[in-house]
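Visitor: Residue numbers (the working numbering), protein chains in the order written: chain A, 4 to 226; chain B, 638 to 761. Glycine included, each C-beta is placed from N, C-alpha and C at the ideal position. All values derive from a computational prediction rather than experimental measurement.
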Amino acid sequence: MSKIIKPEEGESFDIELEEDLLKANAKIAEENKSLLKRHKIIAIDIMGSIGSGKTSLIEQIVKKLKNKYAIGVLNGDLTTTIDSDRVRKHGAKVVQINTGKECHLDANLVRKALKELDLDDVNLLLIENVGNLICPAEFPLGSNKRMVIISTTEGPYMVLKHPFIFMDACVVVINKIDLAEAMGVSVEKLKKDALSINPRVKIVKTNCRTGEGVSDVIEALDL
Amino acid sequence: MHEYSMTKQMVDIVVASAELNRAKKVCDIYLSIGTFSFLNPEQIRFWFNLLKKESQILVDSKLHIKPKKGLVHCGQCGYKGGIKYEDDPLYHIVFPTLECPKCKSMVTIIEGREFKIESIRAVV
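(1) Would residue 152(A) be called buried (16 or more neighbouring beta carbons within 10 Å of its own) or exposed?
(2) Just to confirm the assignment: which complete alpha helix (DSSP H) runs, minimum length 4, are found wholly within the segment 78-115 of chain A?
(3) Grouping DSSP H, G and I as helix and E and B as strand, with all else coil, what is residue 671(B)?
(4) Would you kindly check if the distance between the Cβ of residue 190(A) and the Cβ of residue 183(A) is under 8 Å?
(5) Could you tell me the distance, in whole angstroms, from the CA atom of residue 166(A) to the CA atom of residue 719(B)?
(6) If we count Cβ pairs, one from each stretch, closer than 8 Å, do we get three or more for the segment 13-33 of chain A versus the segment 143-151 of chain A?
(7) Within 10 angstroms of its Cβ, does residue 687(B) collect 16 or more other Cβ (buried), or is it exposed?
(8) State buried or exposed for residue 740(B), treating a residue as buried only when at least 16 other CB atoms are found within 10 Å of its CB.
(9) Can you tell me which of the three DSSP states residue 172(A) falls into?
(10) Grab the span of the alpha helix (DSSP H) containing residue 164(A) for me, first residue to last.
(11) Listed in chain order, which residues of the segment 639-665 of chain B have Cβ atoms closer than 7 Å to some Cβ of chain A?
(12) Listed in chain order, which residues of the segment 676-699 of chain B have Cβ atoms closer than 9 Å to some Cβ of chain A?
(13) If we define contact as Cβ-Cβ less than 8 Å, is residue 203(A) a contact residue for chain B?
(14) Hey, out of 128(A), 129(A), 47(A) and 172(A), whose CA is closest to residue 137(A)'s CA?
(15) Return helix, strand or coil for residue 654(B), following the three-state DSSP convention.
(16) Taking beta-carbon pairs under 9 Å, can you tell me which members of the segment 703-723 of chain B lie near chain A?
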């Protein structure tokens, strides 16, 4: 691992570390991925700002898919169990991950949370990341797909100002389309922005309060 | 945003490998940070200068940060190089895109997301 040149007393020497700290996370993410694959679990990482509608979308997906899949949900937050309580009542197996101070979930926290689930009893895992459009992009968790949700109430620049999170996404959900007009935000422009950053991404428009567009999200995720 | 936790991890690794190599002091730490990462060198320095005071081994050390340029690769035409940027005159925003600058296919990021401790210089 480390190449060491032995020095004399008082002499300086170099230690080659070549240690990538982000690789450590990526490696655990790969282990999570193979663990999930062994248990035949499809995992989706859901990322978005605070208030974009991550939990509402998860509630809607669980409602629609609970008879087709045995659903597990990991809810990431700094604190509180508000989100996991919301999701649990729809019949999913829920583990709350409270990061305390961290701005994102990392692969190690997900690995720990997976120990709390009976993996043979789950075949779809929805991972709700901490509300943040910046840091989660840096930390893969081991999911099969990453989905980003933005909402029209966050204004017209959400995509262009956070390009990296859209580079990793397979699906982008534009939520609260019912409020677009009141906000003076063009949904088409948000869509165009996302496609110019990531030409292959699938884009779905939703209103997660009513459930409008949720079937399209499910289709876009191939579920 | 997560500079504190990353800097703390970095400091722990540096101290551990210095101790392993029986070093009394670390003089220099060489980092490379990818330009596609979300780590701000200025904030890393800020946390480092606070954290190093907690360790006798690190207290006199200096941090050297080398930015590492981002690289993308196109599976279609074989392009390897910098990412393409687009300028939206409507918003005055320049943003990176995953479109190949040569053939317009989609590229993948191959370098530029690392946060790496390259080496440290220590005294016995």
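Guide: In short:
(1) buried
(2) 85-91
(3) strand
(4) yes
(5) 16 Å
(6) yes
(7) exposed
(8) exposed
(9) coil
(10) 161-164
(11) 639, 642, 643, 646, 647, 650, 654, 658 and 664
(12) 676
(13) yes
(14) 172(A)
(15) helix
(16) 723
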